[in-house]
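As structure tokens, the structure follows; a few thoughts come after it.
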Amino acid sequence: MTGQIDSEDEYEYSDYYDSGICNKTDVVRFGSIATPMFFSAVIALSLVGNVLVLAIFVLY
Numbered sequence: 273m274t275g276q277i278d279s280e281d282e283y284e285y286s287d288y289y290d291s292g293i294c295n296k297t298d299v300v301r302f303g304s305i306a307t308p309m310f311f312s313a314v315i316a317l318s319l320v321g322n323v324l325v326l327a328i329f330v331l332y
């Protein structure tokens with residue numbers, strides 16, 4: 273059959289390198305900024321929603 277791939281070929285990837293331990297300072301920095309902003313938005317939206325529910329109860 274034509275078009276078969278020989279699975280016994282060895283491939284050499286030169287773009288793999290051992291960089292050591294992963295540096296996660298950027299991830300921690302982003303999380304320390306994004307997490308409080310996310311929770312602040314959730315709390316603000318829930319507060320607005322609760323105030324609207326209370327306003328509907330009072331008006332009707």
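Read in order, the letters of the sequence shown are residues 273 to 332 in the working numbering.
Built from N, CA and C at the ideal position, the CB exists for glycine as well.
Being a predicted model, the structure only gives us computed values, none of them experimental.
Kindly indicate which three-state DSSP category residue i falls into: helix, strand or coil?
i    : result
N322 : helix
I305 : helix
I293 : coil
CB-CB under 6 angstroms to residue i, same chain, minus the five flanking residues each way: which ones, in chain order?
i    : result
N295 : none
I305 : none
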